[in-house]
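**Q** Below you'll find the structure I mean.
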Amino acid sequence: MSDAKKVILTCAQPTGVLTMGNYLGAVKNWATMQDDYECFFGVVDQHAITVKYSPAELRKNTLSCVAQYLACGLDPERSAVFVQSHVTGHTELAWLLSCMTPIGELQRMTQFKEKAAKLGFNIAEGEDANALKFAHEGARAGASVNAGLLMYPVLMAADILLYNADAVPVGNDQRQHLELCRDLAQRFNNQYSETFTVPEPYIAPAGARIMSLQDPTRKMSKSDDNQGATLFILDTPDQLRKKIMSAVTDSGSEIRATEDKPGVSNLLQIHSALSGDSVADLEAHFTGKGYGDLKKEVAEVVIAALEPVRTRYEALIADKAHLESVLRDGADAAQKRAYKMLAKVYRKAGFVERPR
Ligand code: TYM
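Numbered according to my numbering, the sequence shown spans residues 130 to 485.
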């Protein structure tokens, strides 16, 4: 890894099997960036505990996520693959950044509002008064939104800034979190002098927003109650075919990627991102054909792309010693860079250096 290369940092939560959205919006693109950038790929277990979780599942999912990363083409010889909790600095920097983040900014985050809504909370726009109301109502209902959920984007900003990343490849749903990270970097630089690179989002045009197969107006998500809505990268060919053949399509019969055809557009997008054919070429290819033909072909393209991923995963997950050695090396590389940055930030923030 050369010093001259620009740095990318990106992460996913170890909350189960990666979806086609994670794959096309994120991990598949990361794999193509490894020659051109110095890469840090994190598995963010500390983010995963902001919602209800089981420790045993988290442990299992963390190793599984690493094996999935490698199966999708992340190469530990060229990149640092690490677990967030193995590197000191993420939560430390998050604390410092939290002291520069108005609570209102965090309450306005779309993902926070969505997750809080899932817990039964409705947060009105903006004002601090609403925040109090929301906390009080929560207390009355006996439910609560934990402070970690609110702090989630600050920890994410710390993940990125700790490596002084130049670019962050993510799907479209992370755009707002990235914006907050950029604001925090600028705020810190203005307050304490130039320290952080202000990171650029890198959102690949194909696959940036893969939608649910059952409700193509919503993004494809791991936690969808309707499992037919989500393609997982470790699904068997039969499971993949079944889900794609029962995907919701739109009225009419023309195969076009238009706004009034979100279901067809989503299938074309998945095809395009995997086959490399442009959506316009695919529209031409499917002229005169029906939705059934489109689904059959998308199923074949998806199965062909994921079959090798599943085979590689099976071998990787069976070799715990290899996964552990990848994580040891990844943590060492990540810690080295993180430590330097944290020491610099602590000095600027006025913390006295620990006497040696
Ligand atoms: P997570 O775990 O939800 O998702 C991992 C990556 O997959 C992308 N993605 C999608 N892309 C296209 N279509 C979809 N339907 C879809 N669903 C998910 C996400 O945009 C993401 O790139 N907050 C982050 C994890 C994180 C992080 C970071 C990311 C923590 N720290 C630092 C970048 C940098 C998250 O929950 O991703």
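Where is the CB? At the ideal position from N, CA and C, for every residue including glycine. Since the structure is predicted, the reported quantities are computational estimates derived from the model, not experimental observations.
Any heavy atom of the ligand TYM closer than 7 Å to the Cβ of I399?
**A** Every heavy atom of the ligand TYM is 7 Å or more from the Cβ of I399, so no.
**Q** Answer with buried or exposed for T378, where buried requires no fewer than 16 other C-beta atoms within 10 angstroms of its C-beta.
**A** By the 10 Å Cβ count, T378 comes out buried.
**Q** Over what stretch of residues does the alpha helix (DSSP H) that includes Y166 continue unbroken?
**A** Where Y166 is concerned, there is no enclosing alpha helix (DSSP H), although the beta strand (DSSP E) it sits in stretches over Y166 to V172.
**Q** Does the beta-carbon distance from F170 to S227 come in below 8 Å?
**A** In this structure, S227 does not lie closer than 8 Å to F170 by Cβ.
**Q** Count the other C-beta atoms from every protein chain shown that fall within 10 angstroms of the C-beta of P328, then say buried if there are 16 or more, exposed otherwise.
**A** Under this definition P328 is a buried residue.
**Q** So, helix, strand or coil for T179, using DSSP?
**A** It is coil, neither helix nor strand.
**Q** For S322, which residues from the same chain have a beta carbon less than 8 Å from its beta carbon, with the 5 sequence-adjacent residues on both sides left out?
**A** These residues qualify, in order along the chain: K477.
**Q** Quick one: measure Cβ to Cβ for I332 and Q197, integer angstroms, because I've assumed they're closer than 8 Å.
**A** About 21 Å separates the two Cβ atoms, so there is no contact after all.
**Q** Determine the contact status of G202 and G336, defining contact as a CB-CB distance below 8 Å.
**A** Contact: no.
**Q** State the Cα-Cα distance for the pair D174 and C194, rounded to the nearest angstrom.
**A** Rounded to whole angstroms, D174 to C194 spans 10 Å at the Cα level.
**Q** Between A155 and the ligand TYM, is the CB less than 7 Å from at least one heavy atom?
**A** Yes - the ligand TYM has a heavy atom lying nearer than 7 Å to the Cβ of A155.
**Q** Let me confirm a value: M149 is counted as buried when at least 16 other C-beta atoms fall within 10 Å, else exposed. Which label applies?
**A** Flag for M149 reads buried.
**Q** Which ranges would you report for the beta strand (DSSP E) in the segment 308 to 344 if only whole runs of at least 3 residues count?
**A** Within the segment 308 to 344, the complete beta strand (DSSP E) runs of at least 3 residues are 329 to 331.
**Q** Taking only the alpha-carbon atoms, compute the straight-line gap between P143 and E453 and give it to the nearest angstrom.
**A** Looking at the two C-alpha atoms, the distance is approximately 16 Å.
**Q** Check each candidate in T230, G218 and G405 and name the one with the smallest Cα separation from H306.
**A** Of the listed residues, the one whose Cα sits closest to H306 is T230.
**Q** Are there any heavy atoms of the ligand TYM lying less than 7 Å away from the beta-carbon of N190, as far as the coordinates show?
**A** No, Cβ of N190 sits at least 7 Å from all heavy atoms of the ligand TYM.
**Q** Please report how far the alpha carbon of A276 lies from the alpha carbon of K181, in whole angstroms.
**A** C-alpha separation (whole angstroms): 13 Å.
**Q** Per DSSP, P298 forms a beta bridge with which residues?
**A** Beta-bridge pairing links P298 to Y331.
**Q** V438 and A160: beta carbons closer than 8 Å?
**A** Contact: no.
**Q** Can you tell me which of the three DSSP states A258 falls into?
**A** Reliability fails at A258, whose pLDDT of 49 lies under 50, so the model's placement of it is uncertain and the value that follows must be treated cautiously. It is helical.
**Q** For the segment 336 to 351 and the segment 389 to 408, state whether three or more C-beta atom pairs, one from each stretch, are separated by less than 8 Å.
**A** Verdict: yes, contact present.
**Q** How about I289: is its Cβ closer than 7 Å to a heavy atom in the ligand TYM?
**A** The answer is yes for I289.
**Q** Output yes or no for whether 8 Å exceeds the beta carbon distance between N190 and G249.
**A** Cβ distance not < 8 Å, so N190 and G249 don't count as in contact.
**Q** Measuring alpha carbon to alpha carbon, tell me which residue in K425, D461 and R485 is nearest G218.
**A** For the residues K425, D461 and R485, the minimum Cα distance to G218 belongs to D461.
**Q** Excluding sequence positions up to five away, which residues of its chain have a Cβ less than 7 Å from the Cβ of L222?
**A** Answer for L222: A287, L290, L291, L471 and V474, listed in chain order.
**Q** With DSSP as the reference, label T440 as helix, strand or coil.
**A** Note: T440 maps to helix in three-state DSSP.
**Q** Between the alpha carbons of Q464 and P330, how many angstroms are there, rounded?
**A** Rounded to whole angstroms, Q464 to P330 spans 23 Å at the Cα level.
**Q** Rounded C-beta distance between L369 and L435? I'm assuming under 8 Å.
**A** Going by Cβ atoms, the distance from L369 to L435 rounds to 7 Å, so yes, they are a contact pair.
**Q** Assuming contact is defined by CB atoms lying nearer than 8 Å, are L445 and H215 in contact in what I supplied?
**A** Going by C-beta atoms, L445 is not nearer than 8 Å to H215.
**Q** Which residues bound the alpha helix (DSSP H) around C194?
**A** Start and end: P184 to A200.
**Q** Can you give me the C-alpha to C-alpha distance between A258 and N251, rounded to a whole angstrom?
**A** Residue placement at A258 is flagged as unreliable, the pLDDT there being 49, under the threshold of 50; the coordinate-derived value follows with that caveat. The alpha-carbon atoms of A258 and N251 are separated by roughly 14 Å.
**Q** My guess is that L309 and E234 are in contact by the Cβ rule of under 8 Å, so how many angstroms apart are they, rounded?
**A** That pair is a contact at about 7 Å.
**Q** Do V136 and E167 have their C-beta atoms within less than 8 Å of each other?
**A** Yes, they are a contact pair.
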